[in-house]
Amino acid sequence: MNSHNENSAATGLDLRTRIRIDLFLARRRAGTGAATPLILRLRERGRAAGMNTAEMMANEEGSSHEARATACLAFVATLLSQAGAPSPDALRRMHDAGYGPDGINAAIARARRKAD
């Protein structure tokens, strides 16, 4: 299995997507400014997974150079801003971006677990 897909079957999300979510959440916690040790570790993991600096910086801000990843980060941002279950529209946008039930559930679980 390719490193960027590491454990995707077990988690519903590939390694790069998990790193993207984690970078976004870490930046939200840290605010703007210098990188925290966690962000630096995540960037190192991203480089090892084949991600470039520009992509990871975009991920920290909730965007991506890939439309599918941008949709996932927007979904995570929506989860953080709205209490309760994801709206039908948010779920539809994830589905339209190509995420199946396992990926959607994994994104929800990761966002909620890492946001605490």
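For the sequence shown, the numbering used here begins at 623 and goes up steadily by one. Quick reminder that beta carbons are idealized off the backbone N, C-alpha and C, glycines included.
- By the C-beta density criterion, Thr675 is exposed, having fewer than 16 other C-beta atoms within 10 angstroms.
- Per DSSP, the unbroken alpha helix (DSSP H) holding Gly668 starts and ends at 659-670.
- The continuous stretches of alpha helix (DSSP H) do not include Asp636, and DSSP gives it neither H nor E.
- Taking 7 Å as the cut-off, the Cβ atoms of Arg732 and Ile641 do not count as close.
- In the three-state DSSP reduction, Glu683 falls in the coil class, being neither helix nor strand.
- Of all alpha-carbon atoms in Arg667, Phe646, Thr639, Met678, the one lying nearest the alpha-carbon of Ala699 is that of Phe646.
- The three-state secondary structure of Met716, taken from DSSP, is helix.
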